Each structure stands twice: as C-alpha cells, then as structure tokens.
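Residue numbers (my numbering), protein chains in the order written: chain A, 1 to 357; chain B, 358 to 660. Positions of the beta carbon are idealized from the N, C-alpha and C atoms, including for glycine. Values in this document were obtained by computation on a predicted structure and should not be read as measured data. Beneath this line is the structure, given in structure tokens, with notes to follow.
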Amino acid sequence: MKTLATVLSVAAALLLCALLLVTTGFSPAGALRSIYDGSLANGTALTSTLLYTAPLLLVAVGTCVSTRAGVFSIGQEGQVLIGCFTGAWFALRLAVAGPLMLVVVLLAAAAGGALWAWLSALMYRWRGVNVVVSTLLMVFVAQQLIAFSVGQAWFLQQSKGDKAVVAPQSNQIPEAARLPSFGEYPHISVNLGLIVAVALTALVAVVLARTAWGFRLRLTGLSPAAAQHTGVRTARVTALALVISGAFSGLAGALMLASPIGTYRLQPGMSSNIGWDGLLVALVARNNPWLCAPVALLFGVLRAGGSFLSATGVPFYLVDVVKSLLVLALVVPPVLTGLLRRRPAAVAPQPPVPVEV
Amino acid sequence: MSLAFDTEIILSSGVRLATPLAFAALGEYVAERAGCLNISVEAMMLGAAFGSVAVASATGSATLGLLAGVLIGALIALVHANLSHRAEINTFVVGLALNTLVLGLTSYFIASSGFGSHQVAQVRIPVLEDLPVLGSPLFVERWPVYLLLVLVPLTWWLVSRSRWGLELRAAGENPAAADVTGIHVNHRRRQAMLWCGLMAGLGGAHLAVGEVGSFSQNMTAGRGYIVIAAVIFGAWRLGRTLLGCALFGLADALRLALPALGVTLNSQLLAAAPYLLALVAMLAFVASSREPRSLGQPFERSS
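Given below as structure tokens:
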C-alpha cells in the first residue's frame, strides 16, 4: 500500500509538471529528452551528473548524522559556503606543494564547516538558542562573509594582474589543490570527490548501525531521556553530531571549489543551493545513509539535465519545480497511509496512559 | 544637498523597505506565538508578489491584484499547515520544499511570459505631508501602508487580549497542558498559520503592486528570512518585532543610499546586520525572552 501510494503520488507530481509544460506551450517529452541528454545519455553527461552527486551526497550523509541524533539543522548551505571559503583561503595562501596541498584544502574546508556548525552548538549549549533558528541565520551571515572576502583586495579578491576591472571573486586555486579525475572525457570520468563521498557514506552507515557510539547517537535521537538514564552524555553527543554534519557540508564546499563544477574560484553564490538540496536528499532518504546515494544521484541527474533544458526553450527553473514536487510526493504518502491505518484505532476506546510532562 | 534632504530620502526609502517586512512580521509573530516556526514566509511573500502582479495585469486593477496576493499567501499557508500539523511532516522540510517550489514556479512563469506594470494609488495626508523631514516618508504612501494602523492593533488584541489568542499562546507554550484543558492545539496552529499566510501575502503583494509596481525573478530576495529574524530580534513581542522591521528596513535603505552619498560603510556588514542582530538578541535577552517553549516542535496527542 505504501509503495502504491508513493508510485501514485510521484506520478501525480510528474503529471503536474507535464501539465505545467503543456500549458506554457512546451513539450513534456522534449523536456524529458533534454534532461536525459544532459545527465545520462553519454559519458560526458554522466560525468557531470556524478560531479553534482558527490557534494549532494556529502551534505545529505552529514544531515543524517545530526538528524539521527535528534538535532535538526537547516544551516548546511552556510556550512558549504564556509567550506568553500576556508578551502579557498588555504589553497591561495598556503604554499604547500604536491598532493599534501589537496589534503590541506579538504581538511580546512571540513574544519571550516565544522566550526560554523559548532558556533550554533555553542549558542545552544551556552544560552539555549534554538538550533534551527541559529543555523538558519548563520547561512545568511556566511553569504555576506563570502561577499565581503572577495570584495577586499587584502582578503581574497582577485589580484589585478593586467586586467583593469577586478570582479568580486578570488583567484583560481592552484593546480595542486584541485581534485583529480580518473578516466578519459569522452567516457565517464570519476572525480576523486565522488570516491571520497561514497567512502564516507559507507563509513557513516557502518558507524551508525554497527558501533556503540552509533547506538548511543541513535538512542539520543530516539529518546533523550532514556539515553540520559543509561548514562549517555546527550549534550556531548548532539553537539558532536552537529559538528560532524557541519564538517560534511564543509567538505561538500571543498568539492564545489576544487572539482570542475565551478571555476576553481571563490565566488558569492558558488554553493548554488547544494546545501538546501542536500538537506532535501537526506529527508527523502529518511536519514538512511545508504538510501542517500540513489536520491543524491536523482538530484544530480536533475541538476546536470537542467542545464540542457534551456536548449529546448524551457526555462531552467522547471528543475526547481520538479525537484520540490518530487520531494513532496516522496514525503507525503507514507504519512497519509499511516494516518489512514491509524484512524480506526484512534476511535476505539483505549485505557488511559500516564503522561510524563 | 542638505542633511535634512538626505535624511528625508533615506527615511522614505527605509519606510518603503520596512512596510512589506512589517506586514509579514505581523503574521510570523502570530505563527511563532502558536509554536509554528514558519520558514515558508519567503514562499508566501514571493508567491503573493507574483500572484498580485499576474492578477493586476489580467484585470487591470492593482487593488484586485493585492487581494489575489493575500489569497495566494493564505493558500500556501493552508498547504503548509495541513502538511505539517495534520500530516505531521517535519515543518522545516515542508517550508523548504515550498520555498523552492514557489521560487521555481514564479521564476519559470516570469521567464516565459511578461507582465505589465501596475501600482495601487498613492495617498497623501493633507497638512501632515508638508511636515519637514518626516512629511514625505510617513504621509505620502501607497494606501496599503495605512492598513498597518488597523492591522497592528488588531494583531495585538487578537494575540494578547482575545480568548483565541490565549489558547494560541497556550498551544505555543505548553501544547500538552493546552490539550488537557480542551484546546485543540493543531487547530489553533493551523489558524495561526492561516493568519501568517494572509499577512505575509499582504506583505509580498504590497511589495509588488504597492512599492515596486512589477514582478522580477526572486524579488523578495530573502525578505522572508529577515522577517523571521525580526520576530526573534523582537523577542516574540509585537512592538519590538515591528521596531526590528523598521531597523532592518533602515539598514537596507542605508546600504542602498550610502554609496551615492559618498559614505563608505561596509555594505556586506549592513546586509548581514539583521541576522547578526537577531543572533545577538537571542544570546543577550535569553533571560527575559519570551520564546514560546514548544517553538518548532510538532504536537501529537499521545493517547
């Protein structure tokens, strides 16, 4: 019943999108075709899909960790940006040669994201500031911090060189700081970022499911009171979960900076909503790290295919519509079937249950 | 140019930038007092801005457009409220999905079709408009601005003095206790969200057919989030929330006007100010803050 409901509501969402296309004078088949051409049709397209999948997966897996611990954070977008920022700063300011440079950039980005999330954890610990609110507000602070840093010559603004106009962006990061790709371009080429993302996904899945620490984390998320009774230091677990989620988002930021998605420069808006999308991926995957991979791939397909849409005249923004309708279609049915099943039970008289307030 | 003239210009643009925030903040204030940390204000404002210009273009009446905008805000609120308080899906996720959906839809439509320019009428208050400095910023405005004179006291009375408001606040503070006394918590929350939708819709529509006169892609540009910041900055008190809106409107006006006046003040800092101020306010006023104790937490009857 659950599967049927999901299939039906996804079909309804897609039908709505088709209707939208038809009423605005475009062909749904054409749009589908161009999304396919841009994302899956050949090696180059698949490569670009995988490039987007990697940071989405990282953000989503990080979100799984914090949500499983019962901390709901919506600041991933800001943490991604801070990851871009610290990664770029170390890449441009630190003269390390060889592969060590890449390691430094990745670690710096993860540390940056972790630090940004830690500030929210700290505000909660210190003054009880609502985590949802503080992580949300920190997104906008991060955006302005990036805009500021690339607008100041002494900070990260592009050095002038022979050009008269300096754009609000940083210099390109050096070759050594970029993530290498494996494979030739006419065929699929796999970026190191994807390998890192998949490896970390497996690691998180195993740690959450199989280790004592993972159990304590899940217990904290399911029932903080029970966790505390059994001796889990819940405050420490939740803070650490939030910091880990920040580190994953920061690492995703490094991927945005150091893989061929962007221009290898720090630019305002370079996170291109990967943080928000990653959060939605985790949600659709029901905070299951393994499930995050296929969902991230689906979102990657939409992102890579979306750039081909404009070739058929369909505005690129259709992708946002498809994406959000799909999210709603995947989230609503289990709840609805649950409600339908629960209703008869709720009517039947039940013995009073003592409520702990 | 004189100092008085500069002040008048900045004040007047500050008022213009603050009024859409103030409308939406009236809604968000009520929603948060009921315990709904509603992050789809952005969607409500943007959807309403689009709807108001679309209807104004179709009918030629900016007033009808304004009305349509309010209804669209309410519609989005109903979707959000039913998904998060009836179907019990995580309210932040619903909010984010709605924000993306509305941004995508409005950008899609505006990219494939254009709208004409429509604006509601301007009202000049005689005599007062001639006041120095304050005259034109406060007394020469598009007429919806004056709705604030009615809506602010009404909102205050609804929340602070009416029985409905008492039940609403109970739902936000201690839903379990409210439930025991016979208050239908999720009904109250849905009603609070509806009010939020109406007000945020009015804010967005006022931005489009009141102040600007047309729609452009993502024209609310994060104003919904500023509104959330304003309520937090206001420590969940109506007066302080509106003060926050005024402050943030003024900061925005300064950010736009200062370069022209030859003053160099960091524009990124001014843009980040609302969010930083909200964070500082949360850190500083925590003792006296009236944050609804169950803000953002879903309520499900346990028996």
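Next item on the list: Check whether the stretch 371–382 of chain B touches the stretch 550–569 of chain B, taking contact to mean three or more Cβ pairs, one atom from each stretch, closer than 8 Å.
Entry: yes
Check: Where do the N-terminal and C-terminal ends of the alpha helix (DSSP H) with R303(A) fall, by residue?
Finding: P289 to L309
Note to self: Based on DSSP bridge pairs, tell me the residues matched to N191(A).
What the structure shows: S181(A)
Check: How is the alpha helix (DSSP H) around V71(A) delimited, first residue to last?
Finding: Boundaries for V71(A): no alpha helix (DSSP H) harbours it, and the DSSP string shows neither H nor E there.
Item checked: Contacts that A296(A) makes with chain B (C-beta to C-beta distance below 8 Å) -> Result: empty, since nearest Cβ-Cβ is about 16 Å, beyond 8 Å.
Margin query: Between the stretch 25–38 of chain A and the stretch 169–176 of chain A, can you find at least three pairs of beta-carbon atoms closer than 8 Å?
Written below: no
Next item on the list: Note the first and the last residue of the continuous beta strand (DSSP E) segment covering R499(B).
Entry: V497 to R499
Note to self: In the DSSP assignment, the alpha helix (DSSP H) including V436(B) goes from what residue to what residue?
What the structure shows: A419 to H442
Margin query: I want to verify the contact list: residues of chain B whose CB lies under 9 Å from the CB of M123(A), in sequence order.
Written below: Using a Cβ-Cβ cut-off of 9 Å, M123(A) is close to L636, M639 and L640 of chain B, given in chain order.
Notebook entry, point to check: Can you name, in chain order, every residue of its own chain whose Cβ lies under 7 Å from the Cβ of P489(B), other than the five neighbours on each side?
Noted result: A361
Next item on the list: Please name the residue or residues paired with R661(B) in a DSSP beta bridge.
Entry: A query on residue 661(B) cannot be resolved here, the shown segment of chain B reaching from 358 to 660 and no further.
Next item on the list: Look at the alpha carbon of A425(B) and the alpha carbon of V412(B), and state the distance between them as a whole number of angstroms.
Entry: 7 Å
Notebook entry, point to check: Excluding five sequence neighbours on each side, which residues of the same chain lie with their C-beta closer than 7 Å to the C-beta of L362(A)?
Noted result: Because chain A here runs from 1 to 357, residue 362(A) falls outside it and cannot be looked at.
Item checked: Cut-off 8 Å between Cβ atoms - residues of its own chain near Q479(B), not counting five sequence neighbours on either side -> V497, E498, R499 and W500
Item checked: Sequence-distant residues of the same chain with beta carbon closer than 7 Å to I188(A), five excluded per side -> Apart from sequence neighbours up to five positions away, the residues of its chain that approach I188(A) with a beta-carbon distance below 7 Å are G43, L46 and T47, ordered along the chain.
Note to self: Relative to the C-alpha of L106(A), which candidate in A258(A), L40(A) and L217(A) has its C-alpha closest?
What the structure shows: A258(A)
Notebook entry, point to check: Quick one: what's got a C-beta closer than 8 Å to V22(A)'s C-beta in the same chain, skipping five residues either side?
Noted result: P28
Notebook entry, point to check: Distance, Cα to Cα, I583(B) vs L615(B)?
Noted result: For I583(B) and L615(B), the gap between their C-alpha atoms comes out near 21 Å.
Next item on the list: Could you check what DSSP says for Y503(B) in three-state terms: helix, strand or coil?
Entry: helix
Margin query: Can you pull out the residues from the stretch 76–98 of chain A whose beta carbon lies closer than 8 Å to at least one beta carbon of chain B?
Written below: none
Item checked: Contact set between I261(A) and chain B, taken where Cβ atoms lie within less than 9 Å -> Neighbours of I261(A) on chain B: none; closest Cβ ~20 Å, over 9 Å.
Next item on the list: Could you tell me whether the stretch 289–300 of chain A touches the stretch 438–451 of chain B, using the rule of 3 or more Cβ pairs below 8 Å?
Entry: no
Notebook entry, point to check: Could you check where the alpha helix (DSSP H) with N305(B) kicks off and where it finishes?
Noted result: Limits of chain B in this structure are 358 at one end and 660 at the other, which puts residue 305(B) out of reach.
Notebook entry, point to check: For L137(A), which residues in chain B fall below 7 Å Cβ to Cβ?
Noted result: A586, Y632, A635 and L636
Notebook entry, point to check: Is E445(B) helix, strand or coil by DSSP?
Noted result: coil
Note to self: Strictly under 9 Å for the Cβ-Cβ distance: is S9(A) near chain B by that measure?
What the structure shows: S9(A) does not count as touching chain B.
Note to self: For a test of the three-state rule: what should DSSP assign to I261(A), helix, strand or coil?
What the structure shows: coil
Notebook entry, point to check: Got a sec? Which residues, its chain only, sit under 7 Å from A69(A) by beta carbon, not counting five neighbours each side?
Noted result: L217, T220, G221, V237, T238 and A241
Next item on the list: Could you check what DSSP says for T49(A) in three-state terms: helix, strand or coil?
Entry: helix
Check: Using the C-alpha atoms, what's the distance from R658(B) back to A345(A)?
Finding: Residue confidence for A345(A) is low, a pLDDT of 47 falling below 50, so the modelled location carries little weight; the figure read from the coordinates is stated next. Rounded to the nearest whole angstrom, the C-alpha separation of A345(A) and R658(B) is 13 Å.
Checklist line | Distance, L564(B) Cα to S370(B) Cα | finding: 13 Å
Checklist line | Distance between A468(B) and H408(B) (C-alpha atoms, nearest Å) | finding: The sequence given here places Gly at residue 408(B); His does not occur at that position. When rounded, the distance between both Cα atoms is 15 Å.
Next item on the list: On a CA-only basis, which of A97(A), L19(A) and T3(A) is nearest L325(A)? Give me that one, please.
Entry: L19(A)
Checklist line | Distance between S149(A) and F155(A) (C-alpha atoms, nearest Å) | finding: 6 Å
Note to self: Judging by CA-CA distance, which residue of L611(B), C393(B) and L636(B) is the nearest neighbour of Q625(B)?
What the structure shows: L611(B)
Note to self: Taking the alpha-carbon of V59(A) as reference, which of I244(A), F316(A), G128(A) and G262(A) has the nearest alpha-carbon?
What the structure shows: I244(A)
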